[in-house]
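Heads up, this note's numbering is the position in the sequence shown plus 1476, with the first residue counted as 1.
Every residue gets a Cβ at the ideal spot worked out from N, C-alpha and C, and that includes glycine.
Predicted model only: the values in this text are computed from it and were never measured.
Please read the structure below before turning to the comments.
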Amino acid sequence: MTDHGEFDAAAAQVNPSVGLAGTLFPGGHSLEARVYFADTDFSGVVYHGRYLEFFERGRSDYLRLAGVHHKELAAGQHGEALIWVVTRMEIDWRSPARIDDVLTIETRTQAISGARITMAQVIKRGATVLVQAKVQAAVLGPDGRPRRFPREWIDAFQPDEPA
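Below, the structure is given as structure tokens:
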């Protein structure tokens, strides 16, 4: 594993389990996470706000494995300092997750245009869809204004099929 948490192919030959940052697939990313006590309310059901954190982990690791690292962007290592921001989110809760569940967070690119990216995310327990979200994000410069996505990012996040 590298210092960015990418999947290490050599280590995978020794231990074929998924890497810490999950795995990329054409047009998206998959990450597993366990529900801990801290994720739940008094009844052992995942607190609704925690799903936002699970979705954030999925998006962040998708970016990381695609070669976009938050710390490097903020430090201006690729030109000016840049930050990713969520500008819109739609969420549908369908079924609750509970303590000790193992969840799969899937993130897929739906569309990229100019300075915006739209991602479809789903949290599943096995084959059961628990929560779905549509997330729009943008890249901002130090002045708080949107910046166009670099061409290599558009290529890295290109949807597998048209939205």
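Is the beta carbon of residue j closer than 8 angstroms to that of residue i?
i: W1560; j: A1596; result: no
i: E1566; j: A1632; result: no
i: A1509; j: L1579; result: yes
i: R1535; j: V1598; result: no
What did DSSP end up calling residue i once you bin it into helix, strand or coil?
i: S1589; result: strand
i: M1477; result: Interpretation of M1477 is limited by its pLDDT of 36, a score under 50 that renders its predicted location unreliable; no figure is taken from the coordinates.
i: I1575; result: coil
i: S1506; result: strand
i: A1514; result: helix
i: L1528; result: helix
i: D1619; result: coil
i: L1496; result: coil
i: L1606; result: strand
i: E1556; result: coil
i: R1627; result: helix
Decide if residue i is buried, meaning its Cβ has at least 16 other Cβ atoms within 10 Å, or exposed.
i: T1516; result: buried
i: D1479; result: Residue confidence is low: D1479 scores 41 on pLDDT, short of 50, so the model does not pin down where it sits. Its coordinate-derived value is still stated next. Flag for D1479 reads exposed.
i: D1619; result: exposed
i: R1584; result: buried
i: D1537; result: buried
How close, in whole Å, do the beta carbons of residue i and residue j come, if the pair is a contact with beta carbons under 8 angstroms?
i: R1623; j: L1616; result: 7 angstroms
i: A1550; j: A1557; result: 6 angstroms
i: R1574; j: V1521; result: 6 angstroms
i: L1507; j: R1533; result: 6 angstroms
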